[in-house]
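Participant: Numbering (our numbering), first residue to last: 160 to 744.
I have a structure I would like to understand better, so I am pasting it below and will then ask my questions one at a time.
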C-alpha cells in the first residue's frame with residue numbers, strides 16, 4: 160500500500176497538468192544537459208544540448224553540433240563545413256492529435272523535428288526538375304521534387320548518418336541517424352531519438368510486432384509507401400541538364416532518372432506497412448508504457464515523416480508552411496511569391512510568413528553575469544548568494560528581469576525552484592543591477608542551475624538556459640552541499656533525505672546520496688512505473704551519516720534492464736521518499 164501511494168503521487172506530478180484528450184510527455188527526458196567534445200576531423204567542436212521544461216513546454220537549447228562521428232565535410236558533392244548553430248526550440252508537453260491525415264511540415268520556415276542532440280531532422284530537399292529533365296540541386300524550377308536518399312542519380316554528399324551540411328553550416332538528418340543510435344546505445348531496441356514539433360516523440364527503426372504489447376517481438380517497422388507501378392504523366396525520364404549543385408556546374412549528363420528519385424514516384428497505401436501516412440502510429444514504448452502516438456525513422460521511403468498529426472505552429476519553429484495560403488519556396492518556381500525567399504510581398508504578411516515579413520527585432524542582451532559563490536552549505540544556517548547582472552537593449556528600454564535557480568528540473572519533475580524577479584529603473588537602455596538569492600537553512604542538496612530572462616518595455620525578451628550561460632562563459636549553477644567537513648555540527652545529518660540521483664539521465668551507472676540522522680533499518684528499492692520491484696539495493700540496519708550507493712541498471716538477477724523511467728524509493732523508520740530516474744541506452 161505504501162508503494163502504491165508513492166506511485167500515485169508521482170503519477171499526479173507527471174500527468175496531472177495535461178487535460179483530457181492530451182497525451183502527457185512530462186518527466187520524459189526533460190531535465191538534462193550534455194556537453195561532449197567531438198574530435199571527428201570534420202567537427203572538432205563541443206556538442207552542447209540541454210532539454211528542460213516549464214509548466215507547458217519542453218525546451219531545447221543547443222548548438223546543432225552532432226555528438227557522433229560524421230562523414231567528410233566538405234566533400235565533392237557537399238562543399239560546406241559543419242559549424243555551430245543557435246538552436247532554441249520549444250515543444251508542448253501535452254501534445255494532442257488534431258489531424259487524421261496530417262498537415263505538411265518542415266522546410267525553410269521551420270523544423271519538423273529535432274534529435275536529442277539538437278540536430279534537425281529535415282527529410283526533404285530543395286532540388287527540383289522540370290518536365291524536360293532540367294534539374295537543380297539547389298532551389299530549382301519544376302514540379303518534380305528530388306529525394307535525398309534511395310537512388311544514385313543525384314548526390315547530395317550525405318554521410319553514413321544520412322545527413323549533410325547546409326551552406327549555413329547546419330548539419331541535419333535526412334534519414335536514419337545511425338551513429339546517434341549507436342551513441343544512445345539501443346541498437347536493437349526502441350530508441351527515442353528526438354521530438355517532433357507537435358510534441359510527440361520520435362523513435363528509430365524498431366517497434367513492437369503488436370503495437371500495444373511491449374512483450375511482443377521487436378521488428379523493423381515498415382512504412383506504408385510504395386513505388387507507383389507507372390510514372391506520373393510528364394515525369395522526366397532522362398536528366399538533360401544539372402545545375403546549381405556543388406561541383407555540378409551546368410552539365411548535360413543525359414542519364415536515366417530511375418523511379419524513386421522523386422517524391423512524386425511514391426504512393427501511400429493504407430495498411431501496407433506498420434505505419435500511417437505520417438510514418439507514425441499509436442502504441443506502447445519503453446518511455447510510454449500506457450501508449451502514445453509516435454513517429455518512426457525508417458530505412459525506406461519516406462525515411463522520416465513529412466507531415467504532423469498533432470497541433471504545431473505553422474508559422475514558427477514547428478512548421479514549414481508559412482500559413483495563410485502562402486507556400487514554401489521549395490514548392491514553387493523561382494521568382495513567384497513564397498515564404499522563405501527573404502522578400503515580403505504578394506500574399507505574405509507578418510502573420511502568415513514571419514520569416515520574410517517580421518519586423519527586425521533585437522531582444523535585450525545579457526552583457527555580464529556573476530554570482531558571489533559557486534557552492535554553499537545550509538546545514539546550520541541560511542546562505543546568501545549575491546548576483547550581478549549587466550544588460551542592454553536596442554529597440555526599447557529595459558523593463559524587467561527574472562532569475563531562476565532550478566534543482567532537478569523544477570517542481571513538475573519533483574525538484575525545486577528559487578526565483579527572483581525585479582523591474583529595471585525606467586528609461587534605461589543599458590544598466591547593471593545586483594540582488595541576492597536566499598537559501599534557507601536545510602536547503603535541498605544538489606546542483607541548482609541558473610536561467611536568466613530579460614525583457615524590454617515592448618515585451619521583447621531573451622531567455623538564457625544554463626547552456627546559453629555556459630557558452631558566454633558565465634557561471635550557470637550553485638551547488639548546495641550540506642556535508643562539508645570542518646563545520647561544527649555538520650558531521651551528522653539533521654534529517655532523513657534521498658537526493659536526486661546523479662547523473663540523471665544515466666547510462667548505465669548512477670549514484671544515490673541519502674542521509675540517515677539516526678540508526679535505522681534502511682531499504683532502498685528500484686521499481687518500474689508499474690510498481691514491479693526491479694532491484695533491492697539496500698535492506699539493512701545502518702548507522703547515522705551521509706551515504707552514497709550506486710545502481711548499475713541491473714535487476715535482482717544481475718540482468719541489464721531496458722531504457723526508461725524508474726522510481727527509487729527509500730524507507731527508514733517512518734520516513735518514505737521517492738525519486739524519478741531516467742535510464743538512457
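Beta carbons are placed, not taken as given, at the ideal position from N, Cα and C, and that holds for glycine.
Predicted model only: the values in this text are computed from it and were never measured.
On the DSSP letters alone, give me the boundaries of the beta strand (DSSP E) that residue 596 sits inside.
Facilitator: Position 437 of the chain shown, counting from 1, holds the residue named residue 596. Residue 596 -> beta strand (DSSP E) spans 589-598.
Participant: Roughly how many angstroms separate the alpha carbons of residue 657 and residue 385, rounded to a whole number?
Facilitator: For the purposes of this step, residue 657 is taken as the residue at position 498 of the chain shown. For the purposes of this step, residue 385 is taken as the residue at position 226 of the chain shown. Spanning the two alpha carbons is a distance of roughly 54 Å.
Participant: Tell me whether residue 715 is buried or exposed, calling it buried when 16 or more other Cβ atoms sit within 10 Å of its Cβ.
Facilitator: Translated into positions along the chain shown, residue 715 becomes position 556. Exposed is the call here.
Participant: Which ranges does the beta strand (DSSP E) cover as unbroken runs of at least 3 residues, wholly within the region 355-416, from first to last along the chain?
Facilitator: Segments of the beta strand (DSSP E) lying fully in the region 355-416: 360-363, 365-367, 377-379, 384-386, 400-402.
Participant: Quick one, which of 539, 236, 351 has its alpha-carbon nearest residue 272's?
Facilitator: Translated into the one-based positions of the chain shown, residue 272 becomes position 113. Per the Cα distances, 351.
Participant: Are the region 202-209 and the region 282-302 touching by the rule of at least three beta carbon pairs closer than 8 Å?
Facilitator: Result no; under three Cβ-Cβ pairs closer than 8 Å.
Participant: Give the range of the beta strand (DSSP E) segment to which residue 293 is assigned.
Facilitator: Taking the first residue of the chain shown as position 1, residue 293 is located at position 134. Where residue 293 is concerned, the enclosing beta strand (DSSP E) stretches over 293-295.
Participant: Which residues in the same chain as residue 741 place their Cβ atom closer than 7 Å to its Cβ, once the five residues preceding and following it in sequence are excluded?
Facilitator: The sequence position of residue 741 within the chain shown is 582, counting from 1. Excluding sequence neighbours, residue 741 sits near 188, 663, 664, 724.
Participant: Going by the beta-carbon positions, is the gap between residue 390 and residue 349 smaller than 9 Å?
Facilitator: Here residue 390 refers to the residue found at position 231 of the chain shown. Here residue 349 refers to the residue found at position 190 of the chain shown. For residue 390 and residue 349, no; Cβs fall outside 9 Å.
Participant: May I have the straight-line CA-CA distance separating residue 675 from residue 604, to the nearest angstrom?
Facilitator: As a working note, residue 675 is residue 516 in the chain shown. As a working note, residue 604 is residue 445 in the chain shown. Going by the C-alpha atoms only, they are around 14 Å apart.
Participant: Is residue 607 near residue 545, with beta carbons less than 9 Å apart?
Facilitator: For the purposes of this step, residue 607 is taken as the residue at position 448 of the chain shown. For the purposes of this step, residue 545 is taken as the residue at position 386 of the chain shown. Not closer than 9 Å, so no.
Participant: Exposed or buried, what is residue 335 when buried is set at 16 or more other beta-carbons lying within 10 Å of its beta-carbon?
Facilitator: Locating residue 335 in the chain shown gives position 176, counting from the first residue. Residue 335 should be labelled buried.
Participant: In the DSSP assignment, what residue or residues form a beta bridge with residue 421?
Facilitator: As a first step, residue 421 is located in the chain shown; it is residue number 262 there, counting from the start. According to DSSP, residue 421 bridges with 305.
Participant: Rounded to whole angstroms, what is the Cα-Cα separation between residue 373 and residue 397?
Facilitator: For the purposes of this step, residue 373 is taken as residue 214 along the chain shown, with counting starting at 1. For the purposes of this step, residue 397 is taken as residue 238 along the chain shown, with counting starting at 1. When rounded, the distance between both Cα atoms is 48 Å.
Participant: Looking at the structure shown, is residue 628 part of a helix, part of a strand, or coil, going by DSSP?
Facilitator: Here residue 628 refers to the residue found at position 469 when the chain shown is read from its first residue. It is helical.
Participant: Using DSSP with H/G/I as helix, E/B as strand and the rest coil, what is residue 447?
Facilitator: Along the chain shown, read from residue 1 onward, the residue named residue 447 stands at position 288. Residue 447: coil per DSSP, three-state reduction.
Participant: Are there 16 or more other CB atoms within 10 angstroms of the CB of residue 493, so buried, or fewer, so exposed?
Facilitator: Indexing the chain shown from 1 puts residue 493 at position 334. Model confidence at residue 493 stands at a pLDDT of 49, short of 50, so the residue's coordinates are unreliable; what they give is reported in the following sentence. Exposed, since its Cβ has fewer than 16 Cβ neighbours within 10 Å.
Participant: What are the boundary residues of the beta strand (DSSP E) that includes residue 615?
Facilitator: In the chain shown, counting from the first residue as 1, residue 615 sits at position 456. That run of the beta strand (DSSP E) goes 605-615.
Participant: Contact between the region 577-595 and the region 622-632 is defined here as three or more beta-carbon pairs at a separation below 8 Å; is this criterion met?
Facilitator: They do not touch, by the three-pair rule.
Participant: Using C-beta distances below 7 Å, list every residue in its chain close to residue 640, excluding the 5 sequence neighbours before and after it, in chain order.
Facilitator: To locate residue 640, count along the chain shown from 1; it is residue 481. So the qualifying residues of the chain are 534, 536, 604.
Participant: Using the three-state DSSP reduction, which class does residue 194 fall into: helix, strand or coil?
Facilitator: Counted from its first residue, the chain shown places residue 194 at position 35. Strand, per DSSP.
Participant: Pull up the distance between the alpha-carbon of residue 647 and that of residue 601, whole angstroms please.
Facilitator: Residue numbering aside, residue 647 sits at position 488 when the chain shown is read from its first letter. Residue numbering aside, residue 601 sits at position 442 when the chain shown is read from its first letter. Because residue 647 carries a pLDDT of 45, less than 50, the predicted location of this residue cannot be relied on, and the following value inherits that uncertainty. C-alpha separation (whole angstroms): 15 Å.
Participant: Please classify residue 687: does DSSP put it in a helix, a strand, or coil?
Facilitator: On the chain shown, position 528 is the one that residue 687 refers to. Residue 687 falls in the strand class under three-state DSSP.
Participant: Given this structure, state the Cα-to-Cα distance separating residue 621 from residue 589, to the nearest angstrom.
Facilitator: The count along the chain shown starts at 1 and reaches residue 621 at position 462. The count along the chain shown starts at 1 and reaches residue 589 at position 430. Near 15 Å, if we compare the C-alpha coordinates of residue 589 and residue 621.
Participant: To the nearest angstrom, how far is the alpha carbon of residue 217 from that of residue 177?
Facilitator: Reading the chain shown from its first residue, position 58 is the one you call residue 217. Reading the chain shown from its first residue, position 18 is the one you call residue 177. Their backbone Cα atoms lie some 13 Å apart in a straight line.
Participant: From the DSSP output, which residues share a beta bridge with residue 525?
Facilitator: Start at 1 with the first residue of the chain shown, and residue 525 comes out as number 366. The partner list for residue 525 (beta bridge, DSSP) reads 550.
Participant: For residue 456, which beta-bridge partners are listed by DSSP?
Facilitator: Residue 456 sits at position 297 when you count from the first residue of the chain shown. For residue 456, which the question treats as bridged, DSSP gives the partners 363.
Participant: Would you grab the beta carbon distance between residue 183 and residue 624 for me? Rounded to a whole angstrom, and I think it's under 8 Å.
Facilitator: Residue 183 sits at position 24 when you count from the first residue of the chain shown. Residue 624 sits at position 465 when you count from the first residue of the chain shown. Between residue 624 and residue 183 the Cβ distance is about 23 Å, and since that is not below 8 Å, they are no contact.
Participant: Near residue 668, which residues of its chain fall below 8 Å by C-beta distance, leaving aside the five closest residues on each side in sequence?
Facilitator: The count along the chain shown starts at 1 and reaches residue 668 at position 509. Result list for residue 668: 709, 710, 711, 712, in chain order.
Participant: Which residues mark the beginning and the end of the alpha helix (DSSP H) in which residue 340 is found?
Facilitator: Here the question's residue 340 lines up with position 181 in the chain shown. Residues 337-343.
Participant: Can you tell which of 401, 421, 460, 450 has the C-alpha that lies nearest to the C-alpha of residue 428?
Facilitator: Counted from its first residue, the chain shown places residue 428 at position 269. That would be 460, whose Cα lies nearest to the Cα of residue 428.
Participant: Give me, in chain order, the residues of the same chain whose beta-carbon lies closer than 6 Å to that of residue 282; leave out the 5 immediate sequence neighbours on both sides.
Facilitator: Against the chain shown, residue 282 aligns to sequence position 123. Result list for residue 282: 333, 462, 463, in chain order.
Participant: Compare the Cα-Cα distances from residue 421 to each of 198, 244, 196, 302 and report the closest residue.
Facilitator: In the chain shown, residue 421 corresponds to position 262, counting from 1. Checking every option, the nearest Cα to that of residue 421 belongs to 302.
Participant: Kindly indicate which residue of 691, 694, 688, 729 has the alpha-carbon position closest to the one of residue 701.
Facilitator: The residue labelled residue 701 in the question sits at position 542 within the chain shown. Ranking 691, 694, 688, 729 by Cα distance to residue 701 puts 729 first.
Participant: Start and end of the beta strand (DSSP E) containing residue 738?
Facilitator: Taking the first residue of the chain shown as 1, we reach residue 738 at position 579. 734-742 is the span of the beta strand (DSSP E), which, as asked, contains residue 738.
Participant: Return yes when the Cβ of residue 727 is within less than 9 Å of the Cβ of residue 671, no when it is not.
Facilitator: Walking along the chain shown from the start, residue 671 turns up at place 512. Walking along the chain shown from the start, residue 727 turns up at place 568. Yes, Cβ-Cβ distance for residue 671 and residue 727 is below 9 Å.
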